[in-house]
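Under the working numbering, the first residue of the sequence shown is numbered 38, with each subsequent residue one higher.
The C-beta atom is built at its ideal place from N, Cα and C for all residues, glycine as well.
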Amino acid sequence: ILAPGAEAGTVITVSRKEISLPAAVVAALRSLLGSVFARELEACRKRALGMYQLLALYDSVHRQRAVERGILTFEDASRLLARRRLATGGDGAHRDEALLWIDYRMDGRIDHWLLDEFQDTSTIQWEIMKGMADEVLQDTGENRSFFCVGDVKQSIYRWRGGNPRLMTHLRDSYQGRLGSGEVLSTSYRSSPQVIDFVNRIFGHLDAVTLNEPQLEAKRRWDALWKDHQCAPGNRPLPGYVALLEPHTDDRLGKQSPEDVYQLVVDVLAMIQPLQRGYTVGILVSRNSTANALAQVIRTTFPEWPVSQLGGADHLNNMAVPLILSLLKAVLHPGDSLALRHGQLSPLASHLPQLGEDATTWRAEERERLHREDLAGWIKCWADRLLDAIPPSRFLAYRLQRLGECAAHFETTGANLDQFPNLVAGAGFSEEGSSQAIQIMTVHKAKGLEFDLVILPELMGGLGRKDQMLIREEEETGRPEWILKNPASAWHGADETIVQAVHDNERDDFFDLLCKLYVAVTRAKRALIGITTFPGESSGALSGGAILKEALGGNRNDRVSEQLPLSDGNSALLVYESSAAERIWYEKKPLAEKDRTPPPAPLGERRPNRNTEAVRRTPSAEAEAPRDAAFLFDAAVLDSLEIGHAVHHLLEQVTWVDDVDPDALFAAWLAADRPGDRVAAQVRQHWETSLAVQALAAPARTGYASVEVWNEYTFDCLLAGEWVTGAFDRIV
């Protein structure tokens, strides 16, 4: 009734009965509902304003304390710089001197800009960089360059600020100053079977049933899409692609998550990837799914190593919460609940009995905590617990990880009180290994590749319920306004809200396409997708629905064809690349020896691979205090000029016999116009250098094959130091 264009004869449905309303009724209802809608909008506005005021207060306190303590994160620094630029207009005419000085120093040091993964750049980050990019792109010389690489189809980080529209904005803003660019569509990762599947899906989205916002996103995708080719070196790779559903006895009900997990286990049991030397990545959407799936695999195959990257749940067992309760009982004498937890556990014999005074026990444990440190204390109690319960590799692994987390925690210098909350709230990411079943979210898998990729969570789709409506500029993605999302019944009542909801749904569907694309292109040899039956009348759009309909089916189709698996199990076959390729994995035989790495001792301090090495840059310019007279010493200035000139001449020489030394010297004289003394010194050093054996013709070096690298840059770790530099010449 409130929708734009509603007139007399509007039909509404009441108790499944359609009623046509006369003009007078429509007018009265419009007046009534308009008043209610206005009040709803005002309430939403006040809620949004209240949230803003609360967050602004928090942000101001956070910024002040972060700056005072010098603990700015990268995100903090980015926001502070961007906020200051926006507050002063963002252009050179109005920016404050501090920002101009930063840009001047950066612009003076950097001549060549290479921006990778640009589709994930945020608006805030670009606000900081664009001034310096302008300087490079407006430079009329040929000594500076700007190189940008990005794939909008892989823009899966919009939820944390990534703005894929910046690539189009960059191209449109600098027309005539950027080259034509190049579209890369050759895959050097995947087998022909995987590439054919990718082309079938993302090049045939016309077959997918979509609404208008989703169609708009599809048109944007089609404009970006170009069929992929398989690199010649990958064409011989054996490969296979299949889309499966769990086979259950109950054909009337939907398959459960447990059915999906069991199918993953059956596929792994059939292929035996670790025993054949294949890498495996199981990519999911949620950390909770990763936790559940990891536990199922560890329970079924306790001898198989499983690594879970990001959000590993250390409390999904009885052992870790028990050890944390003991720690709380030691640190807080008033926490009787934590002590009772221990007294009712298999560790009761090591604790004061119910009703006894625990003061002495707490004092002894505190002393041991200080004597043995947290990791050693946890190891002691973990050993006692493992001795008191039936053998469990899973619990032993969880306790081992707790000890490793404790060892890492102690290096931070944080208070022991924070450790239980840290374990419960954030968890710790487990390290990936090519010799383990790796389970992670699609976002964690960005940039990685696996011989076998399994996608068990394809039925998640556009289920996100936005609490806020955000209207953004179409070109830059900057927010124009934000409003608490009204109830869905009001979404069609106002053109502005209609457009905002439309844009949100459009962007959400584009995000889904990007996430699905990233997931399927992680596979090198084989890809196994798992869907479930959504119901005969389900209209939900998910990754699984897109795959089914793009392959020529229907998202609600029942599947009857079965695919045999190992041990008499089977799955329902939705699609496969070829039945002849089902045993692709047998190209590698089963290994005879166990590839499982031995478990590390509990609580052992794991080397921190993320420790930042001391930076050394021997080839870089150095700064040192000098007397003012140094700046006016002619001999010093001449020496600097001579050194730069000889270096410039030598870096143009591969072999002496291939160049004209006199012509190079004459070109330098014409360009730099040095004084007579400097010119004479440079010629002397130049002629002396040309006689060096390393510059002689290849035949005179005495080697059959010779390669030359001039100005060869390097990065390496030497004795724990990160050394960055450049070799003038390597032969």
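So what does DSSP say about residue i, is it helix, strand or coil?
{"i": "PHE764", "result": "strand"}
{"i": "TRP705", "result": "helix"}
{"i": "ASN645", "result": "Because the pLDDT of ASN645 is 42, which lies under 50, any placement of that residue in the model is unreliable, and the question is left without a value."}
{"i": "TRP759", "result": "strand"}
{"i": "GLN162", "result": "helix"}
{"i": "GLY127", "result": "In this predicted model, GLY127 has a pLDDT of only 49, less than 50, meaning its place in the structure is not dependable enough to derive any value."}
{"i": "LYS54", "result": "strand"}
{"i": "TYR622", "result": "helix"}
{"i": "LEU364", "result": "helix"}
{"i": "PHE751", "result": "strand"}
{"i": "VAL690", "result": "coil"}
{"i": "VAL48", "result": "strand"}
{"i": "GLN390", "result": "coil"}
{"i": "ARG100", "result": "helix"}
{"i": "GLN309", "result": "coil"}
{"i": "ASN248", "result": "coil"}
{"i": "PHE431", "result": "helix"}
In whole angstroms, give me the CA-to-CA distance for residue i and residue j.
{"i": "ARG67", "j": "ALA537", "result": "22 Å"}
{"i": "TYR211", "j": "ASP148", "result": "18 Å"}
{"i": "MET496", "j": "LEU506", "result": "25 Å"}
{"i": "VAL724", "j": "ARG562", "result": "It is worth fixing the name first, because residue 724 is Glu in this sequence and not Val. Distance between the alpha carbons of GLU724 and ARG562: 58 Å."}
{"i": "GLU154", "j": "VAL186", "result": "6 Å"}
{"i": "LYS416", "j": "GLU340", "result": "22 Å"}
{"i": "ALA544", "j": "GLY199", "result": "Correcting the residue identity first, residue 544 is Asp in this sequence and not Ala. Taking the straight line from one Cα to the other gives about 12 Å."}
{"i": "ALA482", "j": "ALA556", "result": "8 Å"}
{"i": "ARG766", "j": "VAL719", "result": "19 Å"}
{"i": "GLN292", "j": "HIS284", "result": "8 Å"}
{"i": "ARG646", "j": "SER97", "result": "Only weak support is given to the placement of ARG646: the predicted model assigns it a pLDDT of 39, under 50, and the question is left unresolved by the model."}
{"i": "LEU151", "j": "GLU219", "result": "15 Å"}
{"i": "ALA671", "j": "HIS681", "result": "15 Å"}
{"i": "ASN236", "j": "ALA375", "result": "57 Å"}
{"i": "GLY628", "j": "VAL690", "result": "Note on residue identity: the sequence assigns Ala, not Gly, to residue 628. Near 53 Å, if we compare the C-alpha coordinates of VAL690 and ALA628."}
{"i": "TRP527", "j": "HIS539", "result": "13 Å"}
{"i": "ALA740", "j": "ALA707", "result": "Just to set this straight, residue 740 is Tyr in the shown sequence, not Ala. TYR740 and ALA707: Cα-Cα distance of roughly 37 Å."}
{"i": "TRP705", "j": "THR158", "result": "42 Å"}
{"i": "GLU678", "j": "LEU754", "result": "33 Å"}
{"i": "ALA783", "j": "ARG515", "result": "Nothing can be reported for residue 783, as the shown portion of the chain is limited to 38 through 768."}
{"i": "ASP286", "j": "TYR612", "result": "21 Å"}
{"i": "ALA717", "j": "THR110", "result": "53 Å"}
{"i": "GLU295", "j": "ARG202", "result": "39 Å"}
{"i": "ASP372", "j": "GLN101", "result": "35 Å"}
Skipping 5 residues on each side, what residues in its chain have a beta carbon closer than 6 Å to that of residue i?
{"i": "ALA306", "result": "SER603"}
{"i": "ALA327", "result": "VAL321, GLN345 and ILE476"}
{"i": "ALA731", "result": "VAL768"}
{"i": "GLU641", "result": "Residue confidence for GLU641 is low, a pLDDT of 45 falling below 50, so the modelled location carries little weight and cannot support an answer."}
{"i": "GLU649", "result": "Note on GLU649: pLDDT 48, under 50, position unreliable in the model; the coordinate value appears next. For GLU649, where only same-chain residues beyond five positions count, there are no Cβ hits under 6 Å."}
{"i": "ASP420", "result": "none"}
{"i": "PRO389", "result": "ALA395 and TRP398"}
{"i": "LEU411", "result": "ALA443 and GLU447"}
Which residue or residues does DSSP assign as beta-bridge partners of residue i?
{"i": "HIS149", "result": "SER182"}
{"i": "LEU318", "result": "Sequence inspection shows Gly at residue 318; the Leu mentioned does not correspond to that position. According to DSSP, GLY318 bridges with GLN475 and VAL490."}
{"i": "TRP518", "result": "ARG508"}
{"i": "ILE567", "result": "LEU281"}
{"i": "TRP138", "result": "DSSP output for TRP138 lists no bridge partner at all."}
{"i": "ALA61", "result": "For ALA61, which the question treats as bridged, DSSP gives no partner whatsoever."}
{"i": "TRP746", "result": "ILE767"}
{"i": "ALA608", "result": "PRO283 and LEU600"}
{"i": "GLN345", "result": "ILE476"}
{"i": "GLU613", "result": "ALA279"}
{"i": "CYS267", "result": "SER224"}
Can you find the residues in the same chain that come closer than 7 Å, C-beta to C-beta, to residue i, ignoring five residues on each side of it along the sequence?
{"i": "LEU727", "result": "VAL693 and PRO698"}
{"i": "ARG272", "result": "PRO229"}
{"i": "HIS206", "result": "GLU512 and THR513"}
{"i": "PHE183", "result": "TRP150, ALA170, VAL173 and LEU174"}
{"i": "GLU586", "result": "ALA244, VAL245, THR246 and ARG592"}
{"i": "TRP262", "result": "PHE239 and GLY240"}
Can you give me the Cβ contacts of residue i inside the same chain, cut-off strictly under 8 Å, excluding the 5 residues immediately before and after it?
{"i": "SER614", "result": "GLN230, ASP233, PHE234, GLY276, TYR277, VAL278 and ALA279"}
{"i": "ARG714", "result": "ASP675"}
{"i": "THR47", "result": "ILE38, SER57, LEU58 and VAL63"}
Restricting to runs no shorter than 3 residues, where is the beta strand (DSSP E) found entirely within the region 161-246? 182-185
Runs of alpha helix (DSSP H) lying entirely within the region 540-593, each at least 4 residues, in chain order: 580-587
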